[in-house]
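The structure appears right after this line, and notes come after that.
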Ligand code: FE
């Protein structure tokens, strides 16, 4: 991957700049509260955006044929559920197993599979995560509370403007009777970036 292939100008596109200009104007005129806007952005980062990816993961968990299509050629499989990127980036889904744990980073900026995960979290764009995820992925995972056995291989995937990665986390035990919708509700954003696992079903849900 060379720098010229890694186009940092792709994400802050014309609509993004117009949105920023609009936000500045609305705040200046006292028409919106910046804190309220932050809350809305937080919602897209943590709730609405990642729900698309969660539905993709849940479908893969319950439908082996879908999972096979997803791992072979993710773009069309994700599009089957109605999600697609507008920038033509190639989607790759990597599967976590008992032996392999996948972690996604963008070492140069903040390339992110936004069609399925929404907006990237602040830490994903931070210099420490971008550098240390590659140098010491096991240490980064440990600090984030994710412990992996020494026998588990960690694979780090460096996103670019052309290729965006989504982690297919392991389906937790105890979820055999859950519906696809219930399974999707378990899947977190962080598990699809690869910095967390999907927590085992805790039995508190009806
Ligand atoms: Fe990037």
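Residue numbers (the working numbering): 822 to 1027. Beta carbons are placed, not taken as given, at the ideal position from N, Cα and C, and that holds for glycine.
Asked, Found
"Boundaries of the beta strand (DSSP E) in which residue 985 is found, first to last residue", "984-989"
"Proximal residues to residue 885 (C-beta, below 8 Å), its chain only, five neighbours per side dropped", "none"
"CB of residue 939 within 9 Å of CB of residue 869, strictly", "yes"
"At least 3 beta-carbon pairs within less than 8 Å: the segment 836-856 vs the segment 963-975", "no"
"Residue environment, residue 931, which counts as buried when at least 16 other CB atoms sit within 10 Å", "buried"
"Residues of its chain near residue 858, where Cβ-Cβ distance is below 7 Å and the 5 sequence neighbours each way are ignored", "844"
"C-beta contact flag for residue 987 and residue 934 at 9 Å", "yes"
"Beta-bridge partners of residue 925, as assigned by DSSP", "978"
"Residue range of the unbroken alpha helix (DSSP H) whose run includes residue 844", "835-849"
"Whole-angstrom distance between residue 1017 and residue 966, CA atom to CA atom", "8 Å"
"Element boundaries [beta strand (DSSP E), containing residue 912]", "911-916"
"Whole-angstrom distance between residue 1004 and residue 825, CA atom to CA atom", "Bear in mind that a pLDDT of 46 at residue 825, under 50, signals an unreliable position, so the number given afterwards is only what the model happens to contain. Distance between the alpha carbons of residue 825 and residue 1004 is about 40 Å."
"Nearest-angstrom Cβ-Cβ length linking residue 915 and residue 976, presumed shorter than 8 Å", "7 Å"
"For residue 880 and residue 887, believed in contact at Cβ under 8 Å, the rounded distance", "5 Å"
"Simplified DSSP assignment, three categories, for residue 931", "coil"
"Residue from 882, 863 and 958 with nearest C-alpha to residue 1019", "882"
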